[in-house]
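Asks: Before I ask anything, let me first share the structure, which is written out below as structure tokens.
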Amino acid sequence: MTTDMSTEWTFEPYNPTPFYKRLPIRQILINGLIVILAGLFLIPFYLLVRNAWMSDDQITAFHWYWLPMPVRFDNLFEIFGGTGASVASERSKLLLTGLRNSGLISIFQTFGQLIISAMAGYGLARIPYRWRNLVLYFILATLMVPTVVTLIPSFIVIVQLGWLNTLTGVIFPGLFNAFTIFIFRQFYLNFPKEVSEAGMVDGLNHLGIFWHLVLPNSTALLISMGAIAFINSWNAYLWPLLVGQDPSVWTVQVAVSSFLRSDTSGVMHLVFTAGLLAIMPPFILFLILQRYITEGVARTGIKG
Amino acid sequence: MHTHSLESSIQSVMPANRRSRRLTWQNTLTFWGFVGPAVLGLVMFVYVPIFWGLGISLFDARYTVTPTDFLGLKNYQTLLTDRDFLQSLLTFGKYALFIVPVTYACSLGLAVLVNQAKWGKSIFRTIFFIPFACSYVVGALIWRVSLFNSLPYGFANMVLSWFGLPPVTWIGGVGGFPWHWVVLITVRLWLQLGFFMIIFLAGLQEIPKELYEAAAVDGATSDWMTFRHITLPLLRNTSVSVILLNLIWAFQAFDEFYNILGGWGSTSGNLPLARPPLIYIYLTAFREQNYGLAAAGGLILTVIILIFTLLQGKFIGLGKAEYE
Amino acid sequence: MNKASTLGRRNFLRMAGLTAAGAALSACTTATSVSPAATQSPTKPPEPVTITQWYHAYGEAGTKEAAQGWAADFSKATTNIQVKMEWIEPGGEYESTKLPAALLTDQGPDVYENTVVNRALVKANQCVALDDLFSADALKGFNQALLDGFRVDGKLYAIPMIGDTGFIFYRRSMLEAAGVKPPSTFDELLEAAQKLNTDKVKGLFLGNDGGANWILAELMLWSSGGELFKDGKVAIESDRTADAWGRIREINQTGNLLIGAPSDWWDIGMLNQGLCAMQLCGMWGYPSAKKELKDDLGVIPWPAFDSGGKPATFLGCWAQFVNGKSKNIEAAKQFAKWLWIDNIAAQTAWASGFGFHVPANNLAAAVDTNFKDGEGKQLIEYVNQYGHVMRPANWSTSMESALSDAMSNIVKNNADPKAEMAAAAKKMQEKYDELTK
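This is the structure we're talking about:
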């Protein structure tokens with residue numbers, strides 16, 4: 001939050017002139033509309049939070065409870081294996097495992113993707129090599145390939161590698177993202193030559209320059225790409241569903257989805273509590289790094 | 001993998017041509033050291049799968065991924081004459097017809113609104129953008145179980161009851177209006193509007209203020225006129241990428257359809273109501289266990305996506321991506 | 001199929017089921033000491049091998065422990081074969097994705113349970129013929145209808161473990177209050193749902209899809225006198241059945257069905273909670289409903305379509321398979337035989353020790369007190385009289401999809417039943433031909 005960003009942009013309030021347009025009534029209308037829309041946007045969160053602290057009976061009551069009364073903190077203890085009867089505790093275990101796996105997968109994918117992409121970006125931008133552009137096109141061409149065509153065969157590749165139902169299988173393909181590579185390459189193209197030349201003079205090779213000079217000077221980009229990668233990775237559903245079929249490798253999304261589609265009877269409150277827990281890590285990250293994420297989204301216009 | 005500094009000091013005492021050749025060789029090694037892992041990964045998970053998929057789509061790959069019976073183009077023929085596959089394409093078509101323009105209009109509208117707000121701008125931006133951090137699965141959970149539940153305890157039905165209206169069967173009702181589309185479209189809007197709003201806001205920032213001032217001098221007085229003649233044309237590139245991105249995502253829609261309509265085990269729930277292509281392929285591969293047919297489906301979809309992209313490039317002129 | 005259950009059922013089982021389970025376990029411990037040793041060749045020193053066995057997660061309390069116990073008993077008795085039991089959660093996705101994905105690889109389970117076999121599965125080496133495990137007497141002991149579902153080209157590929165079926169469960173008091181008698185035809189069902197429907201309690205629950213699925217397609221087919229296959233051809237097409245399928249739309253249109261319940265048709269909890277007055281549910285829901293509703297519970301088979309039809313129930317089955325890709329096929333077969341053929345106690349325990357299911361083995365049914373009299377006997381009679389195998393041999397999930405799609409189109413999209421039926425029949429025939437060619 002406090003780090004300076006290399007490319008800063010903010011939304012300056014801007015009002016296209018004529019004074020009458022600045023009349024309070026106009027602003028009141030605009031802001032009024034925004035408040036209403038914002039209210040609509042918050043309803044789903046309200047429902048998630050409300051249900052997460054209720055009992056099933058309250059959630060499904062035909063009389064609407066606006067707030068959980070009393071707040072049922074037991075839901076949380078139930079998930080973390082405190083109280084709760086056997087069905088619920090089996091579910092809870094799966095949801096907890098899911099949270100742990102999601103954490104592992106997202107962290108590995110985020111850091112892995114960052115280091116692989118930053119290195120490739122640097123190589124493509126700064127290391128003289130005859131076929132450099134050809135390699136760039138080779139990488140960029142993969143952007144033209146929609147996931148749907150590689151989905152089934154990638155699954156087959158994973159099967160052949162013996163990675164079905166392993167975290168490796170879930171994590172690995174997510175490490176390689178042509179778009180992130182491209183963004184880093186663009187960034188390093190404009191990276192001041194003086195810095196790397198200074199490194200050369202100090203006797204550093206490319207790895208040294210990259211590690212000691214380039215990476216520390218691209219923190220803003222690393223943070224914004226990393227935050228987006230983390231959120232996408234945490235929220236990913238289809239690939240973990242295919243490859244991580246065994247409950248021991250379920251992500252929290254797959255776990256929530258399994259209960260959502262089958263059987264919320266008697267455990268509805270737990271599924272909502274798990275849903276609430278499931279959105280916390282990306283939310284906290286979002287709130288802390290919003291500027292970087294905004295910047296990253298605006299820069300790329302590409303999610304995933 | 002990489003040269004170390006001792007070698008570089010040796011270089012300085014070598015004859016010039018040998019040194020440069022050596023340097024080229026070193027650079028090549030270093031280059032692959034840096035770029036190699038990425039290329040290897042992309043080969044493994046994009047290039048190999050494409051060709052593998054192409055291969056397997058020509059075989060009878062039921063219950064196996066190492067098929068032996070060559071079928072030729074039969075899988076393609078089966079798909080293109082299969083009512084349900086064609087139906088899934090139609091489903092996507094209907095879906096795209098709604099989701100793309102609505103997302104476009106709403107996200108642009110939100111961006112313009114937020115841009116003009118006098119106070120609380122950053123708070124509202126956050127509120128509209130934060131669903132980006134929420135997953136489709138959790139979105140589906142809220143929508144299916146709580147917001148649009150068909151029983152009276154669903155939030156939407158509760159609101160309807162204020163006006164004395166009877167509860168609506170949102171998912172899986174019969175006759176009359178296909179309410180499930182309301183559920184499916186609103187969840188996606190909620191999840192992605194903020195994202196596109198941010199892209200538009202960035203585009204709005206880039207429009208020089210002077211243009212608006214000049215327009216005011218020229219007598220462009222209404223908001224609509226400045227929007228129509230300045231904002232919209234100057235957002236052209238942004239618009240193109242927003243539409244294209246939105247279309248591609250819509251084409252690959254899976255999560256919310258599967259989780260909102262999907263059932264359990266051998267009864268597939270309400271999925272037949274709206275089964276977009278990716279779900280069709282998923283079910284073909286993992287329920288029917290016909291990997292050849294599924295791979296063929298993936299390739300057919302790819303061709304369609306490519307045609308879309310090329311067509312829109314021809315008609316709207318794909319802004320060489322603003323990113324370059 | 002028999003995914004399931006509520007806390008209520010578990011508590012009930014703790015009271016009522018444990019004695020049977022205990023009996024079953026002790027019975028099979030005694031069985032261990034004899035049979036595995038008998039099949040052992042004395043000349044070869046036993047090389048220790050480990051085989052894995054997969055179950056889908058059964059909903060009933062105690063099942064996992066029992067399965068674990070059997071695996072341990074066998075391992076102890078044979079010493080050279082270790083059985084590793086794996087309990088695959090959640091049961092509902094076991095056969096649709098988890099098992100098939102595992103069987104694609106070389107690391108799949110050696111012994112597993114599944115519900116269907118066809119020629120393509122055999123060809124893909126996912127199972128081996130098990131005829132040599134059955135003595136003539138043992139073969140006779142099994143439910144023949146279930147057995148037939150696992151025969152392809154005259155060879156038997158599985159040992160039936162547990163049968164399942166479904167009925168309409170209802171609350172007697174509600175029917176009496178509404179002045180309706182238990183429906184014996186579809187018209188009566190329609191009428192009963194209408195009369196039972198109130199603001200708070202829906203008339204009937206067929207699932208959150210309103211019954212627009214293959215199970216209802218089959219029930220309507222059978223109850224109107226049709227059948228799935230005849231002489232190797234799909235035989236579902238008839239005007240009468242098309243008419244019957246169309247009636248599912250009609251019952252949906254009345255608004256008397258429960259839709260959007262927190263759980264689906266296989267969970268009897270919807271009836272127990274009072275969300276509906278009648279519910280289609282598997283027989284596995286019986287103990288829980290009995291416990292909750294006591295004498296208020298009534299059970300009938302799916303009613304005849306009209307006076308010219310017959311009531312119908314579906315008959316599904318979990319059966320033990322041996323993986324053709326297993327590195328220890330012989331050991332796996334030995335274990336499968338020991339557990340599900342030689343060990344009648346296991347069969348009995350599986351049928352009614354923990355929940356309530358159709359015994360796959362008649363010998364088990366004969367010794368099982370749960371089916372001797374009263375409602376238990378009545379339910380088994382329904383099955384014997386009206387049961388139809390829901391997944392005959394050479395079945396595949398694509399046929400289920402074809403039926404579900406047709407029903408969905410008819411019910412939800414107002415499509416013409418005859419046209420949908422023709423399309424479904426065509427697709428099923430194509431799939432059948434592909435599987436048997």
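As given, the protein sequences belong to chains A, B and C, one line each in that order.
The working numbering applies: residue 1 is where the first sequence begins, and numbers increase by one.
The working numbering applies: residue 1 is where the second sequence begins, and numbers increase by one.
The working numbering applies: residue 1 is where the third sequence begins, and numbers increase by one.
No residue lacks a Cβ here, since even glycine has one placed at the ideal position from N, Cα and C.
Because the structure is a prediction, the values reported are computed rather than measured.
1. Could you tell me how far apart the beta carbons of residue 242(C) and residue 418(C) are, in whole angstroms, since I believe they sit closer than 8 Å?
2. Name the chain B residues whose beta carbon is nearer than 7 Å to that of residue 253(A)?
3. Cβ closer than 8 Å: which chain C residues qualify as neighbours of residue 260(B)?
4. Does any residue of chain A have a CB that is nearer than 8 Å to the CB of residue 33(C)?
5. Which residue comes first and which comes last in the alpha helix (DSSP H) that contains residue 54(C)?
6. Along the chain, where does the beta strand (DSSP E) that runs through residue 112(C) open and close?
7. Can you check whether the CB of residue 258(A) is closer than 8 Å to the CB of residue 446(C)?
8. Let me make sure I understand the geometry here. Which of 293(B), 58(B), 188(B) and 289(B) has the alpha-carbon closest to that of residue 41(A)?
9. Output the boundary residues of the beta strand (DSSP E) element that contains residue 215(B).
10. So the alpha helix (DSSP H) residue 193(A) belongs to, where does it begin and stop?
11. Is it true that the stretch 283-294 of chain A meets the stretch 128-142 of chain B, where meeting means three or more beta-carbon pairs spaced less than 8 Å apart?
12. Can you pull the chain B residues whose beta carbon is under 9 Å from the beta carbon of residue 509(C), in chain order?
13. Locate the beta strand (DSSP E) running through residue 315(C), then write down its first and last residues.
14. For residue 13(B) and chain A, any beta-carbon pair shorter than 8 Å?
15. Residue 169(B) and residue 207(C) - do their beta-carbons sit closer together than 8 Å?
16. Starting from the N-terminal side, write out each stretch of the beta strand (DSSP E) that is 3 residues or longer and does not extend beyond the stretch 336-372 of chain C.
17. Hey, residue 298(A) and residue 199(B): beta-carbon distance below 8 Å or not?
18. Whose C-alpha, out of 286(A), 134(A) and 70(A), is nearest the C-alpha of residue 226(A)?
19. Give me the chain C residues within the contact set of residue 159(A), using Cβ-Cβ distance strictly less than 7 Å, ordered along the chain.
20. Please list the partners that residue 101(C) has in chain A, where partner means a Cβ-to-Cβ separation under 7 Å.
21. Determine, for residue 412(C), whether the minimum Cβ-Cβ distance to residues of chain B falls below 8 Å.
22. Counting C-beta neighbours from all protein chains within 10 Å, is the total for residue 212(A) 16 or more, i.e. buried, or is it exposed?
23. Could you please give me the residues that DSSP links to residue 88(C) through a beta bridge?
24. Interface residues of chain C around residue 257(A) at Cβ under 7 Å?
25. Does the count of Cβ pairs from the stretch 421-429 of chain C and the stretch 258-266 of chain C closer than 8 Å reach three?
26. If you draw a straight line from the C-alpha of residue 285(B) to the C-alpha of residue 121(A), how long is it?
27. Is the beta carbon of residue 34(A) sitting closer than 8 Å to the one on residue 124(B)?
28. Just list the residues that DSSP pairs residue 166(C) with in beta bridges.
29. What is the DSSP secondary structure of residue 185(C), counted as helix, strand or coil?
30. At a CB-CB cut-off below 7 Å, which residues of chain A make contact with residue 224(B)?
31. Can you tell me the Cα-Cα spacing of residue 201(C) and residue 293(C), whole angstroms?
32. How about residue 145(A): is its C-beta nearer than 8 Å to some C-beta of chain B?
33. When you compare only the Cα positions, how much space is there between residue 31(C) and residue 328(C)?
34. Going by C-alpha distance, which of 79(C), 96(C) and 133(C) is nearest residue 342(C)?
35. Going by alpha carbons, who is nearest to residue 30(B) out of 179(A), 128(A) and 236(A)?
Replies: The answer reads as follows:
1. As a working mapping, residue 242(C) is identified with position 242 in the third sequence. As a working mapping, residue 418(C) is identified with position 418 in the third sequence. The beta-carbon distance between residue 242(C) and residue 418(C), rounded to whole angstroms, is 5 Å. This is short enough to meet the 8 Å contact definition.
2. Residue 253(A) sits at position 253 when you count from the first residue of the first sequence. Residues of chain B passing the Cβ test: 135 and 137.
3. If you number the second sequence from 1, residue 260(B) lands on position 260. Per Cβ cutoff of 8 Å: no residues; residue 260(B) is ~11 Å from chain C at best.
4. In the third sequence, the residue the question calls residue 33(C) occupies position 33. Legend: pLDDT at residue 33(C) = 39, less than 50; position of this residue unreliable, no value from coordinates given.
5. For this step, residue 54(C) is matched to residue 54 along the third sequence. Unbroken run through residue 54(C) is the beta strand (DSSP E), 49-56; no alpha helix (DSSP H).
6. Counting from one through the third sequence, the residue named residue 112(C) turns up at place 112. Run containing residue 112(C): 111-114, per the beta strand (DSSP E) assignment.
7. Residue 446(C) is absent from the structure shown; chain C starts at 1 and stops at 437.
8. Residue mapping note: residue 41(A) aligns to position 41 of the first sequence, counting from 1. Residue 188(B) is the option with its Cα nearest to residue 41(A).
9. Start at 1 with the first residue of the second sequence, and residue 215(B) comes out as number 215. Annotation for residue 215(B): no beta strand (DSSP E) segment contains it, though the alpha helix (DSSP H) segment containing it runs 209-217.
10. Here residue 193(A) refers to the residue found at position 193 when the first sequence is read from its first residue. Per DSSP, the unbroken alpha helix (DSSP H) holding residue 193(A) starts and ends at 193-201.
11. Segment contact: the stretch 283-294 of chain A against the stretch 128-142 of chain B, three or more CB-CB distances shorter than 8 Å; contact assigned.
12. Residue numbering for chain C in the displayed model covers 1 to 437; residue 509(C) lies beyond these limits and cannot be assessed.
13. Sequence index remark: in the third sequence, residue 315(C) carries index 315 (1-based). Unbroken beta strand (DSSP E) run through residue 315(C): 313-322.
14. Counting from one through the second sequence, the residue named residue 13(B) turns up at place 13. Annotation note: pLDDT 49 at residue 13(B) (below 50); position unreliable, coordinate value reported separately. Among the residues facing chain A, residue 13(B) is not included, as its CB has no counterpart in that chain under 8 Å away.
15. As a working mapping, residue 207(C) is identified with position 207 in the third sequence. As a working mapping, residue 169(B) is identified with position 169 in the second sequence. No.
16. The stretch 336-372 of chain C contains no whole beta strand (DSSP E) run of 3 or more residues.
17. What you label residue 298(A) is simply residue 298 of the first sequence in a count that begins at 1. What you label residue 199(B) is simply residue 199 of the second sequence in a count that begins at 1. Going by C-beta atoms, residue 298(A) is nearer than 8 Å to residue 199(B).
18. The sequence position of residue 226(A) within the first sequence is 226, counting from 1. Considering only alpha carbons, the answer is 286(A).
19. The residue you call residue 159(A) lines up with position 159 of the first sequence. By Cβ distance, chain C contributes 104 and 105.
20. Indexing the third sequence from 1 puts residue 101(C) at position 101. Correct list: 164 and 245.
21. Start at 1 with the first residue of the third sequence, and residue 412(C) comes out as number 412. Residue-level contact check: residue 412(C) touches chain B, since one or more beta carbons of chain B fall below 8 Å from its beta carbon.
22. Stepping through the first sequence from its first residue, residue 212(A) is reached at position 212. So residue 212(A) ends up on the exposed side.
23. By one-based count along the third sequence, residue 88(C) stands at place 88. Answer is 56(C).
24. Within the first sequence, numbered from 1, the residue matching residue 257(A) stands at position 257. Close partners of residue 257(A) in chain C (Cβ separation under 7 Å) are lacking, with about 10 Å as the shortest Cβ gap.
25. With a cut-off of 8 Å, the stretch 258-266 of chain C and the stretch 421-429 of chain C do not count as touching, because too few Cβ pairs lie within range.
26. What you label residue 285(B) is simply residue 285 of the second sequence in a count that begins at 1. What you label residue 121(A) is simply residue 121 of the first sequence in a count that begins at 1. So the alpha carbons of these two residues sit roughly 36 Å apart.
27. Position 34 of the first sequence, counting from 1, holds the residue named residue 34(A). Position 124 of the second sequence, counting from 1, holds the residue named residue 124(B). Their beta carbons are under 8 Å apart, which means residue 34(A) touches residue 124(B) by this criterion.
28. Counting from one through the third sequence, the residue named residue 166(C) turns up at place 166. DSSP lists 282(C) as partners of residue 166(C).
29. Translated into positions along the third sequence, residue 185(C) becomes position 185. DSSP, reduced to helix, strand and coil, places residue 185(C) within a strand of the structure shown.
30. As a first step, residue 224(B) must be located in the second sequence, where it is residue number 224. Residues of chain A passing the Cβ test: none, with the nearest at roughly 12 Å.
31. Indexing the third sequence from 1 puts residue 201(C) at position 201. Indexing the third sequence from 1 puts residue 293(C) at position 293. About 16 Å.
32. Numbered from 1 along the first sequence, position 145 holds the residue referred to as residue 145(A). It does: the Cβ of residue 145(A) has a partner Cβ on chain B nearer than 8 Å.
33. In the third sequence, residue 31(C) corresponds to position 31, counting from 1. In the third sequence, residue 328(C) corresponds to position 328, counting from 1. With a pLDDT of 39 at residue 31(C), under the threshold of 50, the modelled position of this residue cannot be trusted, and the question is left open.
34. One-based indexing of the third sequence puts residue 342(C) at position 342. Closest by C-alpha distance to residue 342(C), out of 79(C), 96(C) and 133(C), is 133(C).
35. In the second sequence, the residue the question calls residue 30(B) occupies position 30. That would be 128(A), whose Cα lies nearest to the Cα of residue 30(B).
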